[in-house]
Structures are given as structure tokens and as C-alpha cells.
Amino acid sequence: MINGIDIVSVWVLDQDSAKEFYTEKLGFELTTDIKLDNGMRWLTVQPPGNTGQHFLLMDPSHSMLDEQTAAAVRGLVAKGALSPGVMATSDCRGDYEALVKRGVEFTSPPAERPYGIEAILRDDSGNWFSFTERKQQW
Amino acid sequence: MTYRKADVSSLRMLRRARDRIDRDYREEIAIAALASDAGYSREHFIRAFRAAYGDTPGRYRTRRRVERARELLRSANLTVTEICHLVGFTSVGTFSSRFSELTGMSPTRYRAEAAARGGPAPIPGCFALMWETGLPDIPAPATRPAARQDRTSGEAAGPAGGVPSGA
Numbered sequence: 004m005i006n007g008i009d010i011v012s013v014w015v016l017d018q019d020s021a022k023e024f025y026t027e028k029l030g031f032e033l034t035t036d037i038k039l040d041n042g043m044r045w046l047t048v049q050p051p052g053n054t055g056q057h058f059l060l061m062d063p064s065h066s067m068l069d070e071q072t073a074a075a076v077r078g079l080v081a082k083g084a085l086s087p088g089v090m091a092t093s094d095c096r097g098d099y100e101a102l103v104k105r106g107v108e109f110t111s112p113p114a115e116r117p118y119g120i121e122a123i124l125r126d127d128s129g130n131w132f133s134f135t136e137r138k139q140q141w
Numbered sequence: 579m580t581y582r583k584a585d586v587s588s589l590r591m592l593r594r595a596r597d598r599i600d601r602d603y604r605e606e607i608a609i610a611a612l613a614s615d616a617g618y619s620r621e622h623f624i625r626a627f628r629a630a631y632g633d634t635p636g637r638y639r640t641r642r643r644v645e646r647a648r649e650l651l652r653s654a655n656l657t658v659t660e661i662c663h664l665v666g667f668t669s670v671g672t673f674s675s676r677f678s679e680l681t682g683m684s685p686t687r688y689r690a691e692a693a694a695r696g697g698p699a700p701i702p703g704c705f706a707l708m709w710e711t712g713l714p715d716i717p718a719p720a721t722r723p724a725a726r727q728d729r730t731s732g733e734a735a736g737p738a739g740g741v742p743s744g745a
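The listed protein sequences derive, respectively, from chains A and B. The numbering used here applies: residue 4 is where the first sequence begins, and numbers increase by one. The numbering used here applies: residue 579 is where the second sequence begins, and numbers increase by one.
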């Protein structure tokens with residue numbers, strides 16, 4: 004039976020910049036940074052606290068994608084069309100303030116929603132994430 | 579839907595301009611200022627923005643304001659006039675007509691219908707927001723047919739724009 008999600012793939016435009024953004028600005032922990040035989044750089048990070056939920060920060064140009072598809076994906080990421088998912092926080096407003104001070108960009112500030120308090124965060128590549136403190140019953 | 583390397587850096591600049599509209603939609607930021615921040619002339623910026631997102635920056639801002647107004651009409655205990663000013667319109671007449679163009683009904687009727695349906699929308703607001711601001715294909719108003727005539731690459735815009743999800 005499927006019992007969780009270990010790794011979520013996130014397309015990024017520049018792995019060095021993404022590594023810095025996720026670890027230094029968002030405070031994630033680096034879990035792997037190795038070069039595979041096929042030339043792909045396997046770069047993973049996880050939220051602090053050893054959650055076991057990893058982001059795989061992938062460069063479309065050094066992946067299984069052909070050149071044309073990689074270029075299309077890079078364009079979609081750059082223009083802000085892609086969203087890998089929802090980041091969970093226990094203090095949306097507090098974290099928002101702290102992250103903005105560190106230079107993280109949000110397209111929407113924290114706002115009350117039926118399911119909790121939510122802001123919209125951009126990573127350094129252009130991916131957007133819901134940044135949500137969920138209500139108990141949701 | 580293939581982008582060259584140079585396109586990626588221009589798309590980033592366009593996206594930053596769009597993020598600024600999303601973030602500061604209440605403010606009347608001059609399009610020329612957004613253009614120069616993105617490294618474009620005003621005219622070139624408007625063309626490039628429309629090619630990427632299917633709408634001009636000005637129309638995009640209007641859509642963003644109307645989308646914010648829809649949420650407030652569904653959820654907030656404010657008058658239509660208050661909501662009009664809150665989302666950045668200066669005239670209730672303009673607000674009503676833009677709202678009707680994009681939504682197909684007046685703000686007052688929209689609120690009444692939302693109240694009749696009852697409760698919040700069943701999908702998270704952020705996703706509704708991104709869909710609504712990301713897709714250009716809201717039907718063109720009959721009174722302003724010229725506004726959308728020469729869109730070219732609107733198909734590439736928006737979260738549903740052919741994302742190779744399994745790749």
C-alpha cells in the first residue's frame with residue numbers, strides 16, 4: 004500500500020542558485036548533492052526537522068528530457084506557470100515576515116481562507132507554492 | 579511552445595512584472611515603469627507580455643482586480659462600492675462594467691448568486707486564483723470586440739498550457 008510521498012520533483016533553472024535559495028533563504032536542509040554517471044546532478048533538500056519529504060531540484064537541460072522539451076519546461080518555469088505544490092507551515096504570518104526579510108518573494112501576502120491562512124511564494128526559478136497554515140479540521 | 583535560451587531570461591523579467599501586478603494590483607503602477615524595470619520599451623513590453631500571458635498588462639491588472647473583487651463579494655461583508663475601491667478601481671461605473679465584461683453579470687447579482695449557492699467555493703482559493711489569473715480565455719465582451727482580436731500565443735499561457743507533467 005502506498006504510504007506517503009518521499010520525493011517531489013521541482014524543475015529549476017539553475018541548480019546552484021536553487022540550492023542556495025532553498026537552503027539559505029527557505030532554511031531547508033541539503034540531503035544529497037551528487038553527480039550521477041549519466042551526467043544528471045541529483046540535488047535534494049528537505050524542510051528542517053528531518054521530515055523525510057524531499058524536493059529533487061532538477062535541471063531540465065540535464066535530465067531525461069530531450070533538448071526541445073527541456074527548453075519548453077524552462078520557459079514554463081521562467082514564466083511562472085508551474086506549481087509543485089503546497090508548503091506547510093505552523094505560522095504563516097510569522098514565517099512570511101521572516102522570509103520577506105530574507106528576500107523571498109511572495110505574490111500574495113497571508114490571507115484567511117476557509118482551510119487556513121495562505122500566502123503564495125515564488126522560488127528563485129519561478130515556481131509558485133501555496134504557503135499554508137492549515138486549520139485543524141482541514 | 580519551444581523557448582530559446584534568450585527567451586527564458588525575458589520570460590523571467592515578464593513574470594516578475596506580472597508578479598508585481600499580482601502583488602500590488604491596487605496600485606496604479608505605470609505600465610512604462612513596469613516595462614523599464616523589465617528592460618523593455620513600453621510598446622515592446624506590452625507585446626511581449628501579451629505573447630507570454632495572452633493579455634496586455636493593463637487588461638491583466640483589470641482581471642486581477644476583478645478576480646479579487648469576486649472573492650471579496652463571496653466572502654466579505656462589504657458594500658460593492660467599498661470593494662470597488664479596495665481592489666483599486668476609482669470609479670464604481672468602470673468597476674461594474676469591467677466586472678460584468680469578465681464575469682457575465684453585475685457585482686450585485688454575482689454576490690446574490692454566490693449567497694444563494696451558500697458557503698465558500700469547494701476548491702482552495704489559491705488554485706482558483708491562479709486559474710483565473712493564469713488563463714486568458716474568459717469570453718470577450720460583446721461591447722469590446724477589438725480588445726482581444728490579435729492575440730497570438732495565448733495558448734502557451736497558464737497552468738494548463740500543455741505542461742509535460744509526466745516528463
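A virtual CB, placed ideally from N, CA and C, is assigned to each residue, including glycine. This structure is a prediction, so every number in the text was calculated from the model and none was measured.
Item, Value
"Any chain B beta carbon closer than 8 Å to GLY52/A", "no"
"When GLU121/A, GLY88/A and ARG125/A are compared against ASP94/A, the one with the closest alpha-carbon", "GLU121/A"
"Collapsed DSSP secondary structure at ASP715/B in the structure displayed", "Annotation note: pLDDT 39 at ASP715/B (below 50); position unreliable, coordinate value reported separately. ASP715/B falls in the coil class under three-state DSSP."
"Cross-chain neighbours of GLY129/A in chain B, by beta carbon under 7 Å", "ARG590 and ARG593"
"Where the beta strand (DSSP E) containing ASP19/A begins and where it ends", "From DSSP, ASP19/A is part of no beta strand (DSSP E) but of the alpha helix (DSSP H) over 18–23."
"Beta-carbon contacts of PRO51/A that lie in its chain and below 8 Å, excluding the five residues immediately before and after", "GLY30, PHE31 and GLU32"
"Close-in-space but distant-in-sequence residues of the same chain around SER12/A (CB under 7 Å, 5 per side omitted)", "LEU59 and MET61"
"Limits of the alpha helix (DSSP H) - the one that GLN71/A falls within", "70–81"
"Contacts of ARG44/A in chain B (Cβ-Cβ under 8 Å)", "The contacting residues do not exist; ARG44/A stays about 17 Å from chain B at best."
"Cβ neighbour criterion (16 or more within 10 Å) applied to ASP597/B", "buried"
"Within-8 Å CB hit, ARG137/A to chain B", "no"
"DSSP three-state assignment for TYR605/B, whether helix, strand or coil", "The identity of residue 605/B in the sequence shown is Glu, whereas the question assumes Tyr. In this structure, GLU605/B counts as coil in the three-state DSSP scheme."
"One or two residues paired with LEU59/A in a DSSP bridge", "SER12/A and THR47/A"
"Buried or exposed (CB count within 10 angstroms, at least 16 for buried), LYS38/A", "exposed"
"Given GLY666/B as reference, the closest of VAL586/B, ARG646/B and ALA690/B once Cα atoms are compared", "ARG646/B"
"Backbone secondary structure at ARG125/A - three-state DSSP", "strand"
"Member of PRO635/B, ALA629/B and ALA610/B whose CA lies at the smallest distance from the CA of TYR603/B", "PRO635/B"
"Beta carbon of ARG593/B nearer than 8 Å to that of LYS82/A", "yes"
"Neighbourhood of SER678/B by C-beta, 7 Å cutoff - its chain only, sequence neighbours within 5 removed", "SER684"
"9 Å Cβ cut-off: residues of chain A touching ALA626/B", "Ordered by position in chain A, no residue passes the 9 Å Cβ test against ALA626/B, which lies about 11 Å from the chain."
"Start and end residues, alpha helix (DSSP H) containing LYS104/A", "95–104"
"Supposed close pair ARG641/B, LEU680/B - CB separation, criterion 8 Å", "6 Å"
"TRP45/A classed as buried or exposed, judged by whether at least 16 other C-beta atoms fall within 10 angstroms", "exposed"
"Residues that ALA630/B contacts on chain A, provided the C-beta gap is smaller than 8 Å", "LYS82"
"Partner residues on chain E for GLU100/A, Cβ-Cβ distance less than 7 Å", "As a matter of chain content, chain E is missing from the structure shown, whose protein chains are A and B."
"CA-to-CA distance, ASP126/A to SER86/A, given in whole angstroms", "10 Å"
"Closer than 8 Å to chain A by CB, VAL665/B", "no"
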